[in-house]
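First comes the structure, then the notes that go with it.
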Amino acid sequence: MKLIKFTLIFILFTGTFSCKEKSISKEEKLQILLDSIYNKHPNGIGFILHVEAPNQNISWGSAVGHSNRKTKEPLRKEQPGQIASITKTFVSASILRLIEKDKLGLYQPIEPLLREKTKALLSDGGYNLDSITIAHLLSHRGGMPSMVTKKWLKLESENLQYNWTRDEQIEDALTMKTKGNIGDFRYSDLNHSLLTEIMEDIEGVPFYSSVRHLLKFNEIGLNSTWFYSLEQDPKNAEERFYQYKESRNWVSTYDESPTWGLFGAAGLVSTAEDLAKFSQALFSRKIFDDQETLSMMLSDIPNLEYTKDDLEDGFEASYKMGIELITGPGVKIYGHDGYWGSLMYHYPDYNASFALYGLNPDELIDFNKLMQEIVKIIK
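First residue of the sequence shown: 1, per full-length UniProt numbering; consecutive thereafter.
See the structure below:
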């Protein structure tokens, strides 16, 4: 599974708090946790953690490290970054809002919903569009190929500022000729490129405008979340921090065109605070009108075999409708991660959410331990 490819192995500070624990606030414990991450992983460049736990009256965030590895400018918690594949949860929730409004059906075939050019490309590739449903796209079970093609890899090494279009990416992906079986899990950004195309034709406006409206950005207070390069930067938005891939010779988000992931599978820029707020709103009926819609998002497609990814230490992961479920010792969370080092997860048992940015996700941290440590603090 491509999720948790932000394969963080944080050798975290895990010791219990001292005998003075009663005098330490939960916010102070969260700061100690964040400091310990950076102290053990300075090569991570910087980290931002935000936690929303209304049952504990916690709305807390902090940043450590640097926003730029060259200038060593201090990282600020208000700075936004690219959330990458967490965008899929936003787009999926938007599609589910359309289902809630009876403009789509979860198990509706995609054949009549696609544009003629896209329909022809998929049909010529052997895809049975009468058998692939919205649910298959949301859960990455429509047999779609990877968007990492020969052309993609060539441009990645030669021209990171290349400006893709959605149509070009769809057509290029289908040159792979690697059609999977309908019903088998196969993570592909192409699914969400198709979903945003469908969304635009239903709503009659650009998909990014629909996402903002359907997910009630203004009502839930997402003031620092936007599709970078497609929408204007919000007023008073802080400068984006740099996000790096050490494994790619320290390439950063400033080095490549945002169009590499802009059309639904990625593309959003946000602060850690906004991500945690969104996660809370999603699970608190502030976005969906009906509880059944959230249940739909967290469900499996009936009569399909669902295997779980082993995340070690007793943790397992499985993908639902644009969101992932992770379970392990003392932990149950729903959320998503992103290529550039972003995490957004919700604890349903504690009505709490957290978002984390690690500016160099190739600096591996222990995600399993992070989930457990946050629970210890907030419960």
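All C-beta atoms in this analysis are idealised placements derived from N, C-alpha and C, irrespective of residue type, glycine included.
In this text, all values refer to a predicted model and were calculated from it rather than measured experimentally.
Your pair residue 174 and residue 255 does not check out as a contact, with CB atoms roughly 28 Å apart and the cut at 8 Å. Here the segment 120 to 129 does not lie against the segment 220 to 240, with fewer than 3 beta-carbon pairs under 8 Å apart. Between residue 167 and residue 117, the gap from beta carbon to beta carbon is short of 9 Å.
The three-state secondary structure of residue 258, taken from DSSP, is helix. Rounded to the nearest whole angstrom, the C-alpha separation of residue 202 and residue 99 is 11 Å.
Around the Cβ of residue 265, a 10 Å sphere holds 16 or more other Cβ atoms; the residue is buried. Sorting 323, 247 and 373 by C-alpha distance to the C-alpha of residue 91 places 323 at the top. DSSP places residue 175 within a helical segment (H, G or I) once states are collapsed to three. Beta-bridge annotation (DSSP): residue 228 is paired with 231. Residue environment for residue 295: exposed (fewer than 16 other C-beta atoms within 10 angstroms of its C-beta). Here the alpha carbon of residue 253 sits roughly 32 Å from the alpha carbon of residue 286. Taking C-beta atoms as the reference points, residue 336 and residue 86 count as a pair closer than 9 Å. With distances taken between CA atoms, residue 186 lies nearest to 307 out of 104, 307, 94 and 213. By a beta-carbon distance limit of 8 Å, residue 94 contacts residue 211. Their separation comes to about 5 Å. In the three-state DSSP reduction, residue 203 falls in the helix class (H, G or I). The DSSP-derived three-state label of residue 338 is strand.
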